[in-house]
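Encoded as structure tokens, the structure appears first; notes follow it.
2 protein chains.
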Amino acid sequence: MNRRQLLVGFAALSTSAKLIPAIAAPRLPSQISPLSRPDGMDEQSWQWLKKAQALTPALHHHLQPMTGSVTMKANADGRYGYKVQKDLTPQQVAQTVLQSGDSIILDFGNHYTGYLSFDLGWQGKSADAPARLHLTFGEIPDDVAEPLYPYNGWISPSWLPDEVVNVDFLPTQFRVPRRHAFRFVKIEVIATSNNFGILLKQASVDGVSSAGPDSLKPQQYPSAEWERLDAVSMRTLSECMQTTFEDGPRRDQRLWLGDLYLQAMTNHVSFRHHDLVKRCLYLFAALRDPRGYVSACVYEKPVPRIGEAFLLDYALLFGVTLHDYVFTNRDYALLVELFPVAEQQLQLALRQVDSAGLFHLPADIKYFIDWKKELDKTAAMHGVVMFSLSRMSRMARALNQPEKSERWETLRATMADAARQHFWDENQEYFVSGADKQISWASQAWLGLAGIVPAAKAKNALMRVMKEPGAIGPTTPYLYHYMVDALVHNDGVTEAKQLILDYWGEMLNLGADTFWECFNPREPGISPYGGKQINSYCHAWSCTPGYFIRTNFKPTL
Amino acid sequence: MNRRQLLVGFAALSTSAKLIPAIAAPRLPSQISPLSRPDGMDEQSWQWLKKAQALTPALHHHLQPMTGSVTMKANADGRYGYKVQKDLTPQQVAQTVLQSGDSIILDFGNHYTGYLSFDLGWQGKSADAPARLHLTFGEIPDDVAEPLYPYNGWISPSWLPDEVVNVDFLPTQFRVPRRHAFRFVKIEVIATSNNFGILLKQASVDGVSSAGPDSLKPQQYPSAEWERLDAVSMRTLSECMQTTFEDGPRRDQRLWLGDLYLQAMTNHVSFRHHDLVKRCLYLFAALRDPRGYVSACVYEKPVPRIGEAFLLDYALLFGVTLHDYVFTNRDYALLVELFPVAEQQLQLALRQVDSAGLFHLPADIKYFIDWKKELDKTAAMHGVVMFSLSRMSRMARALNQPEKSERWETLRATMADAARQHFWDENQEYFVSGADKQISWASQAWLGLAGIVPAAKAKNALMRVMKEPGAIGPTTPYLYHYMVDALVHNDGVTEAKQLILDYWGEMLNLGADTFWECFNPREPGISPYGGKQINSYCHAWSCTPGYFIRTNFKPTL
Chain R
493 MNRRQLLVGF AALSTSAKLI PAIAAPRLPS QISPLSRPDG MDEQSWQWLK
543 KAQALTPALH HHLQPMTGSV TMKANADGRY GYKVQKDLTP QQVAQTVLQS
593 GDSIILDFGN HYTGYLSFDL GWQGKSADAP ARLHLTFGEI PDDVAEPLYP
643 YNGWISPSWL PDEVVNVDFL PTQFRVPRRH AFRFVKIEVI ATSNNFGILL
693 KQASVDGVSS AGPDSLKPQQ YPSAEWERLD AVSMRTLSEC MQTTFEDGPR
743 RDQRLWLGDL YLQAMTNHVS FRHHDLVKRC LYLFAALRDP RGYVSACVYE
793 KPVPRIGEAF LLDYALLFGV TLHDYVFTNR DYALLVELFP VAEQQLQLAL
843 RQVDSAGLFH LPADIKYFID WKKELDKTAA MHGVVMFSLS RMSRMARALN
893 QPEKSERWET LRATMADAAR QHFWDENQEY FVSGADKQIS WASQAWLGLA
943 GIVPAAKAKN ALMRVMKEPG AIGPTTPYLY HYMVDALVHN DGVTEAKQLI
993 LDYWGEMLNL GADTFWECFN PREPGISPYG GKQINSYCHA WSCTPGYFIR
1043 TNFKPTL
Chain G
493 MNRRQLLVGF AALSTSAKLI PAIAAPRLPS QISPLSRPDG MDEQSWQWLK
543 KAQALTPALH HHLQPMTGSV TMKANADGRY GYKVQKDLTP QQVAQTVLQS
593 GDSIILDFGN HYTGYLSFDL GWQGKSADAP ARLHLTFGEI PDDVAEPLYP
643 YNGWISPSWL PDEVVNVDFL PTQFRVPRRH AFRFVKIEVI ATSNNFGILL
693 KQASVDGVSS AGPDSLKPQQ YPSAEWERLD AVSMRTLSEC MQTTFEDGPR
743 RDQRLWLGDL YLQAMTNHVS FRHHDLVKRC LYLFAALRDP RGYVSACVYE
793 KPVPRIGEAF LLDYALLFGV TLHDYVFTNR DYALLVELFP VAEQQLQLAL
843 RQVDSAGLFH LPADIKYFID WKKELDKTAA MHGVVMFSLS RMSRMARALN
893 QPEKSERWET LRATMADAAR QHFWDENQEY FVSGADKQIS WASQAWLGLA
943 GIVPAAKAKN ALMRVMKEPG AIGPTTPYLY HYMVDALVHN DGVTEAKQLI
993 LDYWGEMLNL GADTFWECFN PREPGISPYG GKQINSYCHA WSCTPGYFIR
1043 TNFKPTL
């Protein structure tokens, strides 16, 4: 499907949602970090870095008052999670005196990324001492229903979403200076004096996002569940849209290429904040390593800096994201500028493709695909390279470089042949990977996207693998996205819809306001970090149900 | 001694220190809190409150870099306290990578009241997570050499001098937004990630004080110890001089009348920030209770508010402080304004004096004198009333109200007779108090100040009581001050000097940079609050050695 078809897809879904240009966010010079040219940066990269900074968006603010207090009740029958039960109204909260040892959970009704503030009053004989409060910010009920500590995960506890704050003089307005991502806030009074208790009034969150209005919201949905799936997708995306596309506003707050690809895709059919995509592409392009490779992530603050991780599949998605941006926005100037960067990433990958067109896992380069340790990623990576080649070839054509384009098309065909020979097991009717002929969701997804075997066979493999007891399953919505996309590509729209209902729909059943970084319906509460309290529950790579809904499940490219 | 003599006393001590007018601090309107008239406040009080706010001083800033890091070594031989040992230079500190679990104690070389800031750098693979730090602010080595927790005191732990701070993006400049009082800062790294450690550079304290220059510093001292006693007194006072006279900058940060009296007295011979005294008198006058009584303390922030404590001896010190201010500054306009307030306090006290001139402890009114629970305070309170009467009488004379003046002089004589009969035990040659004829330091001090018995007898009682095993001793430098003053009043200058050397000198021996809220040489480490980590170690009422030094031990009044 080309972009014209995609736009037709939009129009069919949302007849009255006009394709208005995205509202330009006002530029606030104060939000653009002062830059100086990093040591050893070449002139071209420095120009791109300055362009990226000039595209720093202003943030939209939404002041959301608390909706009241809640209590969390563990679900009955051993079902995972908690039920949110309304407790006090905001008026009742404001009249509730909290003494040392007391606690309360405030609810803001939806997920917000921003700054908590409240008026801190007091009642009693005298506010003769500071108030010391422990604040815990919850994206999901678990965060505030269960204690954050002890934390036994293996990534830094400095990311845990809590703060101890001290307020010296009451009454006062208090604003938590750090940005947090939350729907719930548990406030525990560590100490006041015996002479007074605190009163929480006017609690609100100053929510920030660069998303702006959602100009392409469909007028109607097949059902309330689909409407909710779309709404939660969009909330997930818009919460991750800050001065870059963040992977999740709670923890890393970092721009990752794998997430960016999916965010940009969904942004194209919703907020249409194309400048933010452009900014992110410039950031990756400007901050390559000395060999010219783009990193898997970049740090934005305090000043842009290259991330230390390199992932080959993510690097290839640079070109894919550029492709989508260029053809959606007809911004051929950016194509001219950044194509060489995309090509450089492809060249790195092609070093791993032998003369027979078979991809070999590099020993010295990392790749992601999914978190599953046991997963053999050879077949999936083969698919990623083919995914990249098709986009690269189209860009080369647009740049009037037919030799390149043809060379890559030819290579893609060779790789397809190689894949059919090496990865397709005609007996089992599965794509297999590695010496042990491992069967996995990832291999079916990525080679299913490559058009190597007839659609019926590919769809069949995708459907069967999800029930195959010995198959290596997925851990992330990131891989689920490619499963859905592969189904769509292989005449499996109905099945793709069902997969979204089964997977993302189950997060809705568990009360999600935004979609999660990590979810396994069979193991809810699992964490890739050894501690679910450090998981991100508003995670960019989880937002693509909205993309499929709004494109009416038309296949990508 | 009248004020002229006092001024001669200054001149004799510091021949070159010119009696220049205090340098007027610039008024910063932004520092004056916005006021609105409190509900029910009468017009007169409102005018005084506005005058008080208009006198809010600007603060002087002093940027003090750290002097390096230190380690604390427990004193040998079971001696109390710690020895401060230099460890790293600031340059070495800046090169020391601190990982999760590491800690360091920074030294700023003296006591500062202000705002800690530092540049937080990082070293390692990548600063890919926030840094979470636990900061503990120490006025004395114990604060940082021993853990703050568990804290078992009975006043609020919200006053404990520690903070948990989170810094999201490194490198950055970080400023602790709350004011702290400290010489030492222990920085414990709760967590970074495994990929980096922090670097502490440019640590400094932005010290604040309204004191300004000490224009009356003596040119020479009898010995280095006396010079140090004076310097530490002045540091104690200047650290407590903020937008009011605070009792101590660490904990309450509150304006107390008992402290104010001693602060104003010492300020007169040093910083001469007379407007600050005036501001504080206006605050007490404006914020009386409905009966017209001044409270023992007022709260300054967020807006001025009456304290909940009333102490009769403190209330009487309002007039004493007014007296000193008026005659030092020849500000008779303020006398006219505030004399009625002082008189009102005296009237309350005189309700407790019977026709024979004997003071009876009220059942419904509190009084302080000292913290000692067992202390019978009747005799001492009798002395406080007489102390007040002499100043009130002089002010009445200056206001041309001779009847009042004479009436109070007569009453004072009657009270002297009553005291001789009821409190003086000629057999024991002690002032005694209460039905059990209790012997205490407080009774000897306050009635020793009243000139009831010949100086030789009073001095003798003062000297003997300090060695009397059964006598009720003092717990606070506040009472020690009156012991010194009483010795000075009774021809005991040599003995007064020795007492200062024995008491305040012992704090110096223990390494004090400022004098403490509470100190008992026989029980170092004692706390009136059940936990020494909540004690204040820079406390206004401890600053008067500097007063006696600079007045050459001339008796007050």
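Line by line, the protein sequences give chains R and G. Under the numbering used here, residues 493 to 1049 are what the first sequence spells out, in order. Under the numbering used here, residues 493 to 1049 are what the second sequence spells out, in order. No residue lacks a Cβ here, since even glycine has one placed at the ideal position from N, Cα and C. Every value quoted in this text rests on a predicted model; they were computed, and no experiment measured them.
Assumed close pair L612 of chain R, F666 of chain R - CB separation to whole angstroms, cut-off 8 Å:
Residue mapping note: residue 612 of chain R aligns to position 120 of the first sequence, counting from 1. Residue mapping note: residue 666 of chain R aligns to position 174 of the first sequence, counting from 1. The pair is a contact, with the Cβ atoms about 5 Å apart (cut-off 8 Å).
Report yes if the C-beta distance between L939 of chain R and H981 of chain R is below 8 Å; otherwise report no.
Mapped onto the first sequence, residue 939 of chain R falls at position 447. Mapped onto the first sequence, residue 981 of chain R falls at position 489. No, they are not a contact pair.
Alpha helix (DSSP H) runs wholly inside the stretch 603-680 of chain G, at least 4 long, in chain order:
You should have 633-637.
Rounded to whole angstroms, what's the CA-CA distance from G811 of chain R to T736 of chain R? Just pull it up for me.
Position 319 of the first sequence, counted from the first residue, corresponds to residue 811 of chain R. Position 244 of the first sequence, counted from the first residue, corresponds to residue 736 of chain R. In this structure, the straight-line span from the alpha carbon of G811 of chain R to that of T736 of chain R is close to 18 Å.
Among the candidates G:M726, G:Y774, G:H760, G:R742, whose CA atom is the shortest distance from the CA of L749 of chain G?
If you number the second sequence from 1, residue 749 of chain G lands on position 257. Per the Cα distances, G:Y774.
Give the DSSP-derived three-state secondary structure of S702 of chain G in the structure shown.
Counting from 1 along the second sequence, the entry for residue 702 of chain G is found at position 210. In the structure shown, the three-state DSSP call for S702 of chain G is coil.
Check this for me: beta carbons of A1082 of chain G and S787 of chain G, under 8 Å apart or not?
The question about residue 1082 of chain G has no answer here: the residues shown for chain G are numbered 493 through 1049.
Where the alpha helix (DSSP H) containing V585 of chain G begins and where it ends
The sequence position of residue 585 of chain G within the second sequence is 93, counting from 1. Residues 582-586.
I944 of chain G (DSSP reduced to helix, strand or coil)
Numbered from 1 along the second sequence, position 452 holds the residue referred to as residue 944 of chain G. In this structure, I944 of chain G counts as coil in the three-state DSSP scheme.
Let me know if G699 of chain R comes out buried or exposed under the rule of 16 or more other beta-carbons within 10 Å of its beta-carbon.
Taking the first residue of the first sequence as 1, we reach residue 699 of chain R at position 207. Answer is buried; the Cβ neighbour count reaches 16.
List, in order along the chain, the chain R residues whose C-beta lies closer than 8 Å to that of V769 of chain G?
Indexing the second sequence from 1 puts residue 769 of chain G at position 277. Under the 8 Å cutoff, chain R gives no residues; its nearest Cβ is about 23 Å from V769 of chain G.
Taking only beta-carbon atoms, is T664 of chain G less than 8 Å away from chain R?
Within the second sequence, numbered from 1, the residue matching residue 664 of chain G stands at position 172. It does: the Cβ of T664 of chain G has a partner Cβ on chain R nearer than 8 Å.
My guess is that I679 of chain G and L627 of chain G are in contact by the Cβ rule of under 8 Å, so how many angstroms apart are they, rounded?
For this step, residue 679 of chain G is matched to residue 187 along the second sequence. For this step, residue 627 of chain G is matched to residue 135 along the second sequence. Between I679 of chain G and L627 of chain G the beta-carbon gap is near 6 Å, inside 8 Å, which marks them as a contact.
Going straight from the alpha carbon of F860 of chain R to that of Q712 of chain R, what length do you get?
The residue given as residue 860 of chain R occupies position 368 in the first sequence. The residue given as residue 712 of chain R occupies position 220 in the first sequence. Rounded to the nearest whole angstrom, the C-alpha separation of F860 of chain R and Q712 of chain R is 37 Å.
If V1077 of chain R sits next to Q577 of chain R, beta carbons under 8 Å apart, how far is it from one beta carbon to the other, in whole angstroms?
Since the first residue shown for chain R is 493 and the last is 1049, residue 1077 of chain R is missing from the structure and cannot be characterised.
Checking contacts by CB at 8 Å: is S1028 of chain G closer than that to chain R?
Residue 1028 of chain G sits at position 536 when you count from the first residue of the second sequence. In terms of beta-carbon proximity, S1028 of chain G stays away from the interface with chain R, with every pair separated by 8 Å or more.
With which residues is S595 of chain R paired in a DSSP beta bridge?
The residue given as residue 595 of chain R occupies position 103 in the first sequence. Residue pairing by DSSP places S595 of chain R opposite R:E680 in a beta bridge.
Span separating the alpha-carbon of L692 of chain G from that of V957 of chain R:
Your numbering for residue 692 of chain G matches position 200 in the second sequence. Your numbering for residue 957 of chain R matches position 465 in the first sequence. Using only the alpha carbons, I get a separation of about 54 Å.
Distance cutoff 8 Å, beta carbons only. Does P741 of chain R sit that close to anything in chain B?
Protein chains R and G are contained in the structure displayed, whereas chain B is not.
8 Å Cβ cutoff, W651 of chain G in contact with chain R
Within the second sequence, the letter at position 159 stands for residue 651 of chain G. Yes, contact with chain R.
Is L479 of chain R near T813 of chain R, with beta carbons less than 8 Å apart?
Because chain R is modelled from 493 through 1049, residue 479 of chain R falls outside the range shown and cannot be assessed.
For I1018 of chain R and W651 of chain R, believed in contact at Cβ under 8 Å, the rounded distance
Numbered from its first residue, the first sequence carries residue 651 of chain R at position 159. Numbered from its first residue, the first sequence carries residue 1018 of chain R at position 526. Between W651 of chain R and I1018 of chain R a beta carbon distance of about 18 Å is seen, past the 8 Å cut, so the two are scored as non-contacting.
Would you mind giving the Cβ-Cβ distance between E608 of chain R and H672 of chain R, rounded to the nearest angstrom? I have them listed as a contact below 8 Å.
Taking the first sequence and counting its residues from 1, one reaches residue 608 of chain R at position 116. Taking the first sequence and counting its residues from 1, one reaches residue 672 of chain R at position 180. A quick correction: the sequence has Leu, not Glu, at residue 608 of chain R. Cβ atoms of L608 of chain R and H672 of chain R come within 8 Å of each other, at about 6 Å.
What is the rounded straight-line gap between the Cα of D846 of chain R and the Cα of S925 of chain R?
As a first step, residue 846 of chain R must be located in the first sequence, where it is residue number 354. As a first step, residue 925 of chain R must be located in the first sequence, where it is residue number 433. Their Cα atoms are separated by approximately 17 Å.
Between K543 of chain R and S648 of chain G, what straight-line distance do the alpha-carbon atoms span, to the nearest angstrom?
Looking up residue 543 of chain R in the first sequence gives position 51. Looking up residue 648 of chain G in the second sequence gives position 156. Straight through space, the alpha carbons of S648 of chain G and K543 of chain R are spaced by roughly 53 Å.
Helix, strand or coil: which one does DSSP assign to V697 of chain R?
Numbered from 1 along the first sequence, position 205 holds the residue referred to as residue 697 of chain R. Of the three classes helix, strand and coil, the one that applies to V697 of chain R here is strand, per DSSP.
Those residues which DSSP pairs with C1010 of chain G across a bridge
Looking up residue 1010 of chain G in the second sequence gives position 518. Answer by DSSP bridge pairing: none, since C1010 of chain G is not bridged.
Near G601 of chain G, which residues of its chain fall below 6 Å by C-beta distance, leaving aside the five closest residues on each side in sequence?
For the purposes of this step, residue 601 of chain G is identified with residue 109 of the second sequence, where counting begins at 1. The beta carbon of G601 of chain G lies closer than 6 Å to those of T559 in the same chain, with the five residues before and after it left out.
On the premise that P796 of chain R lies in contact with V790 of chain R, defined as a C-beta separation below 8 Å, what is that separation, rounded to the nearest angstrom?
Counted from its first residue, the first sequence places residue 790 of chain R at position 298. Counted from its first residue, the first sequence places residue 796 of chain R at position 304. Between P796 of chain R and V790 of chain R the Cβ distance is about 6 Å, and since that is below 8 Å, they are a contact.
As assigned by DSSP and simplified to three states, the class of L692 of chain G
In the second sequence, the residue the question calls residue 692 of chain G occupies position 200. Strand at L692 of chain G.
How big is the Cα-Cα spacing for K864 of chain G and T967 of chain G?
Numbered from 1 along the second sequence, position 372 holds the residue referred to as residue 864 of chain G. Numbered from 1 along the second sequence, position 475 holds the residue referred to as residue 967 of chain G. Distance between the alpha carbons of K864 of chain G and T967 of chain G is about 6 Å.
Beta-carbon contacts of H766 of chain R that lie in its chain and below 6 Å, excluding the five residues immediately before and after:
As a first step, residue 766 of chain R must be located in the first sequence, where it is residue number 274. For H766 of chain R, same chain residues with a beta-carbon under 6 Å away, outside a window of 5 residues either side, are N821 in chain order.
Using only the heavy atoms of the ligand MG, determine whether one of them is closer than 7 Å to the beta carbon of G560 of chain R.
The ligand MG is not part of this structure, which contains no ligands at all.
For G630 of chain G, count neighbouring Cβ atoms within 10 angstroms of its own Cβ and tell me buried if that reaches 16, exposed if not.
Translated into the one-based positions of the second sequence, residue 630 of chain G becomes position 138. Buried, because 16 or more other Cβ atoms sit within 10 Å of the Cβ of G630 of chain G.
Report the residue from G:H815, G:G645, G:I798 whose alpha carbon sits nearest the alpha carbon of S537 of chain G.
What you label residue 537 of chain G is simply residue 45 of the second sequence in a count that begins at 1. Shortest Cα-Cα distance from S537 of chain G to any of G:H815, G:G645, G:I798 involves G:I798.
Chain-ordered residues of the stretch 575-603 of chain G with a beta carbon less than 7 Å from chain R
Within the stretch 575-603 of chain G, no residue has a Cβ that lies closer than 7 Å to any Cβ of chain R.
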